[in-house]
Each structure stands twice: as structure tokens, then as C-alpha cells.
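Worksheet: one structure, shown below.
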Amino acid sequence: MFEETLVETEKLKPKNGEYFDLLIIGAGPAGMSAALCAARAKLKVLIIEKALPGGDTASAYVVDNYLGFPGGIFGEKLASQMEKHMNEYNIFYTCEEVEDILNIHNPIKTIKTSLGYAYRAKTVIIAAGLKPTRLETDFEKRFVGRGISYYAKCDVANYQDQDVAVMGGGNCACYAADYLSGFVNKIYLIHRSDNIKAVRMLKEKVLNNPKIITMWDSRVVDAFGIDKLEKIKIVNINNDQYTWVDVKGVFVYTGRVPSKTVLSVDIMVDEAGFIITDEFMRTNIQGIYAAGDIRSKQIRQIPTAVSDGMIAAINAERNLFK
Ligand SMILES: Cc1cc2nc3c(=O)[nH]c(=O)nc-3n(C[C@H](O)[C@H](O)[C@H](O)COP(=O)(O)OP(=O)(O)OC[C@H]3O[C@@H](n4cnc5c(N)ncnc54)[C@H](O)[C@@H]3O)c2cc1C
Numbered sequence: 018m019f020e021e022t023l024v025e026t027e028k029l030k031p032k033n034g035e036y037f038d039l040l041i042i043g044a045g046p047a048g049m050s051a052a053l054c055a056a057r058a059k060l061k062v063l064i065i066e067k068a069l070p071g072g073d074t075a076s077a078y079v080v081d082n083y084l085g086f087p088g089g090i091f092g093e094k095l096a097s098q099m100e101k102h103m104n105e106y107n108i109f110y111t112c113e114e115v116e117d118i119l120n121i122h123n124p125i126k127t128i129k130t131s132l133g134y135a136y137r138a139k140t141v142i143i144a145a146g147l148k149p150t151r152l153e154t155d156f157e158k159r160f161v162g163r164g165i166s167y168y169a170k171c172d173v174a175n176y177q178d179q180d181v182a183v184m185g186g187g188n189c190a191c192y193a194a195d196y197l198s199g200f201v202n203k204i205y206l207i208h209r210s211d212n213i214k215a216v217r218m219l220k221e222k223v224l225n226n227p228k229i230i231t232m233w234d235s236r237v238v239d240a241f242g243i244d245k246l247e248k249i250k251i252v253n254i255n256n257d258q259y260t261w262v263d264v265k266g267v268f269v270y271t272g273r274v275p276s277k278t279v280l281s282v283d284i285m286v287d288e289a290g291f292i293i294t295d296e297f298m299r300t301n302i303q304g305i306y307a308a309g310d311i312r313s314k315q316i317r318q319i320p321t322a323v324s325d326g327m328i329a330a331i332n333a334e335r336n337l338f339k
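Set out below in C-alpha cells:
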């Protein structure tokens with residue numbers, strides 16, 4: 018496990034009301050890639066991040082698909098390397114949550130944050146990533162934090178040598194199941210269809226892992242526990258058969274959706290709420306770009322987020338100086 022101590026580096030702090038050429042929302046791989054690229058083009062850049070730099074990369078396990086790291090690299094390590102690289106440049110950085118983009122159609126936009134501050138910028142890149150989908154069920158509300166989790170890496174320590182379930186059948190569910198198998202006793206991978214939709218190597222790894230038991234065409238419909246979660250009720254949607262399975266934890270990976278908070282009603286999104294851009298990462302609004310997972314696109318991975326961020330920054334710079 019990666020245990021390097023994170024060193025807090027000195028970052029340039031913005032002043033309330035200050036003007037920037039480019040403001041980036043989110044310091045995941047898309048945001049940090051955009052910041053690095055824009056700083057190299059000598060833009061005055063502010064990046065606003067509500068949590069720690071790294072985004073979902075920091076919560077990934079071993080990242081095997083990022084070129085340049087033979088043998089893979091721990092997600093945390095990759096996130097910290099990205100941050101170090103970004104910090105080699107003069108980039109303003111603040112830990113706040115962006116709440117809104119005001120006067121979005123004006124040449125200079127105002128970005129309002131949860132601390133009550135406002136920053137001004139001619140161009141904005143939205144790189145705010147996604148958040149886990151909630152099940153919106155009663156049992157989820159009853160057991161959140163007491164057996165139901167959305168972050169395998171953060172909560173795995175509570176389930177050492179126990180039986181757990183992972184809900185979902187995409188890349189994230191498979192990454193989570195594969196990771197958990199190094200710590201827990203047994204994993205039920207519960208998926209509503211009869212096929213895993215993950216990259217082939219990952220899919221094969223999961224299907225060949227003796228600790229992972231796949232339950233196809235199935236949904237969790239209820240849960241029971243006195244104080245903490247003890248068992249879940251699963252229905253097979255083909256034959257309506259119900260089964261109770263003893264598990265101490267359920268990790269929900271049934272999808273990830275864009276956060277609505279930074280999406281002005283005027284920004285065009287697809288049916289699922291992802292921001293629509295062209296190949297230059299431009300949205301329908303002059304001066305507003307989107308990059309990374311929040312964008313309407315086919316492949317949501319670290320390399321594609323990094324690529325989006327770079328393309329957005331290059332085009333933002335061209336737009337500023339045309
Ligand atoms: C469990 C898991 C494992 C994964 N493993 C891999 C892997 O092995 N390989 C791979 O290629 N991909 C992997 N991925 C996918 C990869 O992590 C994402 O595709 C990538 O991180 C997307 O980058 P991003 O910058 O678009 O968004 P994110 O990484 O989500 O970063 C967005 C950032 O924006 C911040 N933010 C959000 N809203 C606001 C706001 N209002 N104000 C300020 N900041 C805000 C968030 O805090 C976050 O830091 C994994 C994902 C998960 C969940």
C-alpha cells in the first residue's frame with residue numbers, strides 16, 4: 018500500500034474578487050492537466066477544488082492503464098505525482114466549493130464559492146467529475162455509514178475478512194471488487210444484467226477471482242440489521258426468486274452522475290446530465306469549457322480526462338488571444 022506522507026506545498030492563494038485568465042473547477046486529472054497546460058502558456062490560472070487534489074484518481078487502486086508506469090501505480094501516488102507536477106508552475110489554488118457561475122453570458126464570468134467569495138475569469142473549464150449514484154431506497158438511508166458505502170478504498174478497513182457485496186457491473190464496480198478481494202473473505206458481485214461491462218482484462222480478472230461470486234440479473238431490494246447491516250435481500254429479476262445473503266457491507270457502484278451544483282441551466286447537457294462539448298471541449302456558452310468525466314463522452318478514464326484537460330486549456334488560450 019502506498020504510504021508516502023503527503024507534503025503540503027506552498028500554493029498561490031487568490032484574493033476575493035481577483036481576476037484570472039482561466040478558472041478551473043476541480044483538481045482531478047482533467048483539471049490539473051488543464052492547469053499545467055495553461056500555466057505553461059503563461060495564463061493566470063486559478064484552480065478551485067472542494068476536497069483534495071486528485072479527484073477519483075486518488076480513490077482508484079492500482080492504476081494499470083496509464084502509459085509510462087509499467088507494473089501500474091497506486092491511485093494515490095499518481096494523484097500526488099500529478100499535484101507535484103502542477104505545483105512546479107505558478108498556479109493559484111484554493112480549497113472551496115464552487116456554487117455557481119454568475120453572468121455566464123458576459124465576457125467576464127463571476128464564480129461564486131461556498132465560502133462567500135467570488136472570482137472573475139474570462140474563461141472557465143468545468144472539470145468537476147462525477148459523484149456516485151444513490152439508490153434512493155429506504156434501506157440505503159437506514160444503512161449508509163453502517164454497512165452501505167460508496168468508497169471501497171476509504172471503508173475497506175471496516176470489513177477485513179468479512180463477506181461483502183458490490184452492486185454494479187461496470188469498470189468501477191469491477192475495480193472495487195478486485196481491490197476488496199485483497200482484504201475481505203468473500204464478495205458477491207450483484208449485477209442487474211447478465212454481463213460485465215468492463216475492459217476485458219479487468220472483466221477476466223474479476224470472473225477468475227475465486228473470492229468473487231457473481232449474481233447475474235439481480236438487484237438488492239432490502240436489507241436487515243439490528244445496529245449495523247447484517248444481511249441483504251436479493252431478487253433475481255428473471256424468475257422473481259428472493260434470497261437473503263449474509264454480508265457486513267454493501268459497496269454501491271451502480272453508476273456515477275455529474276454534480277448539478279456547478280451546472281448553470283444554460284449549459285447544454287445530454288439526457289443523463291453530462292455536459293455536451295465539441296472536440297475543442299467548448300460548451301454552448303462562449304468562454305465555458307468542460308473536460309473529463311463530467312463531459313458527455315464514451316470513455317471515462319484517467320488518460321481521457323488528462324487529454325480533455327489539455328485540449329480545453331489549449332483552446333481556452335487560443336480563444337483568449339485570438
Ligand atoms: C473506484 C475507481 C477506480 C478507478 N480506477 C481507474 C483506473 O484504474 N484507471 C483509469 O484510467 N480510471 C480509473 N477510474 C476513473 C478515473 O478515476 C476518472 O475517469 C478520472 O478521475 C476523471 O477525472 P476528472 O478530472 O474528470 O474527475 P475527478 O477525478 O472526479 O475530479 C473532479 C474533481 O472536482 C472536484 N469538484 C467537484 N465539484 C466541485 C465543486 N463544485 N467545486 C470545486 N471542486 C469540485 C472533486 O472534488 C474532484 O476532486 C476509477 C474511478 C473510480 C471511482
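So that you can map any letter, position 127 of the sequence shown is 144 in my numbering, and since no number is skipped, the others follow by simple counting. C-beta: ideal position from N, C-alpha, C; glycine also.
- Item | For N226, the nearest candidate out of Y192, F241, I165 and I243 (CA to CA) | Nearest of Y192, F241, I165 and I243 to N226, Cα basis: Y192.
- Whole angstroms is fine: what's the gap from M285's alpha carbon to T300's? Each residue's Cα considered, the two are about 7 Å apart.
- Item | Span of the alpha helix (DSSP H) around P46 | Segment P46 to R57, the alpha helix (DSSP H) holding P46.
- Task: Mind checking which residues open and close the beta strand (DSSP E) that includes M17?
- Result: Look at the range of the chain in this structure, 18 to 339, and you will see that residue 17 is not part of it.
- Message: Suppose you measure from the CA of L40 to the CA of D239; what does that come to, to the nearest Å?
- Response: In this structure, the alpha-carbon of L40 lies about 44 Å from that of D239.
- Message: Can you give me the C-alpha to C-alpha distance between A138 and T127, rounded to a whole angstrom?
- Response: Roughly 7 Å between the two C-alpha positions.
- May I ask you to check if the CB of C189 is nearer than 8 Å to at least one heavy atom of ligand 1? Ligand 1 has a heavy atom closer than 8 Å to the beta-carbon of C189.
- Please find out if some non-hydrogen atom of ligand 1 comes closer than 8 Å to the beta-carbon of S276. Yes; taking the cut-off as 8 Å, the Cβ of S276 has a heavy atom of ligand 1 nearer than that.
- What are the partner residues of M232, as DSSP defines its beta bridges? DSSP, once it has assigned bridges, lists I207 as partnering M232.
- Query: Can you list the beta strand (DSSP E) stretches of 3 or more residues lying completely in the segment 138-201, in chain order?
  - Reply: Runs of the beta strand (DSSP E) inside the segment 138-201: 147-149 and 180-184.
- What did DSSP end up calling N332 once you bin it into helix, strand or coil? In this structure, DSSP gives N332 a helical state, which the three-state scheme calls helix.
- Locate the alpha helix (DSSP H) running through Q98, then write down its first and last residues. Taken as a continuous stretch (DSSP letters only), the alpha helix (DSSP H) holding Q98 covers G92 to M103.
- Counting Cβ pairs, one atom from each stretch, are 3 or more of them under 8 Å apart for the segment 165-177 and the segment 317-336? No: the two stretches stay apart, fewer than three of their Cβ pairs being nearer than 8 Å.
- Task: Keeping to the same chain, check which residues put their C-beta closer than 6 Å to that of K28; ignore five residues upstream and five downstream.
- Result: So the qualifying residues of the chain are Y110.
- Task: Please confirm whether any heavy atom of ligand 1 lies closer than 8 Å to the CB of T321.
- Result: Yes; taking the cut-off as 8 Å, the Cβ of T321 has a heavy atom of ligand 1 nearer than that.
- Task: Give a single yes or no on whether R236 has its beta carbon closer than 8 Å to a heavy atom of ligand 1.
- Result: Checking the Cβ of R236 against ligand 1 gives no.
- Would DSSP call V62 helix, strand or coil? V62: strand per DSSP, three-state reduction.
- Query: Considering D263, what are the terminal residues of the beta strand (DSSP E) in which it resides?
  - Reply: Element bounds for D263: Q258 to D263.
- Item | Cβ pair count under 8 Å reaching 3, the segment 171-189 against the segment 203-223 | With a cut-off of 8 Å, the segment 203-223 and the segment 171-189 count as touching, because enough Cβ pairs lie within range.
- Message: Taking the beta strand (DSSP E) that K248 belongs to, which residues open and close that run?
- Response: Per DSSP, K248 belongs to the beta strand (DSSP E) from K248 to N253.
- Task: Mind the definition here: the segment 41-50 touches the segment 304-316 only if three or more C-beta pairs lie below 8 Å; say whether that holds.
- Result: When C-beta atoms of the segment 41-50 are compared with those of the segment 304-316, three or more pairs fall below 8 Å, so the two segments count as touching.
- Task: Verify the contact flag: A333, CB atom, against every heavy atom of ligand 1, threshold strictly below 8 Å.
- Result: Flag unset: Cβ of A333 not near ligand 1.
- Task: Answer yes or no: do S235 and V252 have a C-beta to C-beta separation smaller than 9 Å?
- Result: The answer is yes: Cβ separation under 9 Å.
- Query: Would you call P124 buried or exposed, if buried means 16 or more other Cβ atoms sit within 10 Å of its Cβ?
  - Reply: The residue in question, P124, is exposed, as its Cβ has fewer than 16 Cβ neighbours within 10 Å.
- Task: Measure the Cβ-Cβ separation of I204 and A215 and say whether it is below 9 Å.
- Result: Contact: no.
- Just the C-alpha distance for A333 and E100, rounded to the nearest angstrom, thanks. Near 21 Å, if we compare the C-alpha coordinates of E100 and A333.
- Looking only at C-alpha atoms, which of M218, K67, R273 and S198 sits nearest to R317? Here the closest residue by C-alpha is R273.
- Between A56 and N107, is the Cβ-Cβ spacing less than 9 Å? N107 sits close to A56, with the two beta carbons spaced by under 9 Å.
- Message: If I measure Cβ to Cβ from G71 and keep anything under 6 Å in the same chain, skipping five residues before and after, which residues do I get?
- Response: Hits under 6 Å: A96.
- Message: On the criterion of 16 or more Cβ atoms from any shown chain inside 10 Å, does Y136 qualify as buried, or is it exposed?
- Response: Taking all protein chains in view, the Cβ of Y136 is crowded by 16 or more other Cβ atoms within 10 Å, so the residue is classified as buried.
- Query: Per DSSP, which one or two residues make a beta bridge with A135?
  - Reply: Answer is K129.
- Message: At the level of alpha carbons, what is the spacing between K265 and L63?
- Response: Taking the CA atoms as reference points, K265 sits about 43 Å from L63.
- Task: With a threshold of 8 Å, establish whether the CB of I230 neighbours any heavy atom of ligand 1.
- Result: Answer for I230: no, Cβ out of range of ligand 1.
- Message: On a Cα-Cα basis, can you pick out the residue from N202, A47 and E247 that is closest to D229?
- Response: As written in the sequence, residue 229 is Ile, which differs from the Asp given in the question. Comparing Cα-Cα distances from I229 to each of N202, A47 and E247, the minimum goes to N202.
- Message: Below 8 Å, is the gap between the Cβ of L69 and the nearest heavy atom of ligand 1?
- Response: It does: the Cβ of L69 is within 8 Å (strictly closer) of some heavy atom of ligand 1.
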